[in-house]
Structures are given as C-alpha cells and as structure tokens.
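A quick write-up on the structure given underneath.
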Amino acid sequence: MSDDKSAVGQADRLRINVHEDYELHDWSKKFGVTPDELRAAVSAVGPMAADVEKHLKQRK
1 MSDDKSAVGQ
11 ADRLRINVHE
21 DYELHDWSKK
31 FGVTPDELRA
41 AVSAVGPMAA
51 DVEKHLKQRK
C-alpha cells in the first residue's frame, strides 16, 4: 500500500479519518470547526463526510 497522499480514491474523499493529522486539519478547515468538534461529530455519526457535514450544520 502506498503512502502517496495525492493518490486518493473516491472512498478517501467520502470518509474522514480523524487519526490522520492532515485529514483532521483539512476537514476541520472545510467545515469551519475545530479538530475537537470534528472528532466529536465523527464519533456521533461515523466517518462519512456527508453525515458529518449534515450533523455539524444541524447543531448550528
């Protein structure tokens, strides 16, 4: 398995891996939340980006 972060597949763009610092940073920035808020959202609804986005929008 390659560690080439530029070679991501569709599944990589749909899921949030909070154990990867670069993903935590990128998704937090995209959703306008802190890394801790993102971790909490993933814990609440799972790693699917669409579910996390919906959850974060509902709580505002």
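With the numbering used here as the guide, the letters of the sequence shown map in order to residues 1 to 60.
Glycine included, every Cβ here is placed at the ideal spot set by N, Cα and C.
Owing to the predicted nature of the structure, the values given are computational and were not obtained by experimental measurement.
Proximity to R13 across P35, A50, H19 peaks at A50, based on C-alpha coordinates.
Exclusion of the five residues before and after V42 leaves I16, V18, V52 as the residues of its chain whose Cβ lies within less than 7 Å of its Cβ. The DSSP-derived three-state label of R59 is coil.
Closest in alpha carbon position to Q58, among D26, P35, F31, is F31. Boundaries of the alpha helix (DSSP H) around H25: 21 to 31.
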